[in-house]
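See below:
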């Protein structure tokens, strides 16, 4: 049996196309080899750059076919990296690449559920979901400056075109178990924070849920977050609140490097569960995500709706979601409306359905847009002009039915 060395925290990802090698910067918090955390598929490496090319993120893209760490394939020597290059492991453990089943003993082993606090999604237990991936690929959509709204209430899709210019945890398995971990949000707005005051754990896929939950962009801590929710409430979306950054964000760099790249495709192992307030009485269940937050909202929508929870609106703003995942979401009957808002009218190079190659090619432009809240960051402008942009966006969301 051949084998490959396991990759550990600090091991190198090789150079490529003139970009220098960089180390792995995250791994399992409770699985150690040689005293170091074991790296897994999805764990990030330090960004790298070269002259005339600003830093771009890297993450481990492939690993062992036989060994899982916290439900995720272990990283091994020779594994691919998202932007190019391969991983070089130094661990004393060698992982074989051939599965050798043990002889049947006549005994049925008890189910084993490995849980660990990992580095990708902080303060959460990682657990492999029992859901199966839906690999249906939606029809290719043209990259026009418009919002697309898909209605699935009857299973027969209705698509409308909306002008977008100038306006607008906890971990659980599919069987219903839950864990007492980080808090989420409540509707209590006495501090004018619009969330994320601590709430009740936990909703399970298949349950009926209410409320409108906003997932911001990478870092989830921009000055625009509370004004965005305020704009939604002012527009009549009275249940709007933003989610708990401590639960849903690993920090700006990690969200951008790992979440936005790997989360853009459907992940049947997505482990997180949503917490909601017990006093929530809204008539709808809506998930609204901006940039990185859109891929989190999309994963949640798929996880819940595939098991019977009705998602009234899934709103994806400036989303890097893949075409195949977008097509899958549109085909889930219990996601009643998928609303895609591309911001390309304002220069955003990110759009729903783009390829990962396109995403990496646009990173330099994204970096240049951030300081002045241009393009992709159009709705993140903290000043009064940003409030006007958010007001128009919120009014448009209300117009298409979000409550």
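In the numbering used here, the protein residues as written are 14 to 416. Where is the CB? At the ideal position from N, CA and C, for every residue including glycine.
- Here the alpha carbon of residue 104 sits roughly 16 Å from the alpha carbon of residue 27.
- In this structure residue 274 does not touch residue 302 by the C-beta definition: roughly 15 Å separates them, more than the 8 Å allowed.
- Ranking 372, 248, 373, 254 by CA distance to the CA of residue 229 puts 254 first.
- Spanning the alpha carbons of residue 404 and residue 241 requires a straight line of approximately 8 Å.
- Residue pairing for residue 81: DSSP places it in a beta bridge opposite 86.
- For residue 328, the beta-bridge partners assigned by DSSP are 301, 352.
- Where residue 413 is concerned, there is no enclosing beta strand (DSSP E), because DSSP gives it neither an H nor an E.
- By the criterion of a C-beta distance shorter than 8 Å, residue 392 is surrounded in its chain by 237, 241, 303, 330, 331, 356, 399, 402, 403, 406, once the five residues flanking it on both sides are discounted.
- The count of Cβ pairs closer than 8 Å, one atom from the region 340-359 and one from the region 371-379, stays below three, leaving the stretches out of contact.
- Excluding its 5 nearest sequence neighbours in each direction, residue 325 has C-beta neighbours in its own chain below 6 Å: 297, 298, 299, 349, listed in chain order.
- Note on geometry: alpha-carbon atoms of residue 77 and residue 411 lie some 46 Å from one another.
- Excluding its 5 nearest sequence neighbours in each direction, residue 106 has C-beta neighbours in its own chain below 7 Å: 19, 46, listed in chain order.
- Residue 25 carries a strand assignment under DSSP once its states are collapsed to helix, strand and coil.
- Per DSSP, residue 58 is one residue of the beta strand (DSSP E) stretching across 57-63.
- Annotation for residue 71: the continuous beta strand (DSSP E) segment containing it runs 66-72.
- Relative to residue 17, the option among 58, 32, 80, 36 whose CA is nearest is 80.
- For the pair residue 288 and residue 257, the Cα-to-Cα distance works out to about 10 Å.
- One alpha carbon belongs to residue 89, the other to residue 102, and they sit about 6 Å apart.
- For residue 228, the uninterrupted beta strand (DSSP E) segment begins and ends at 224-228.
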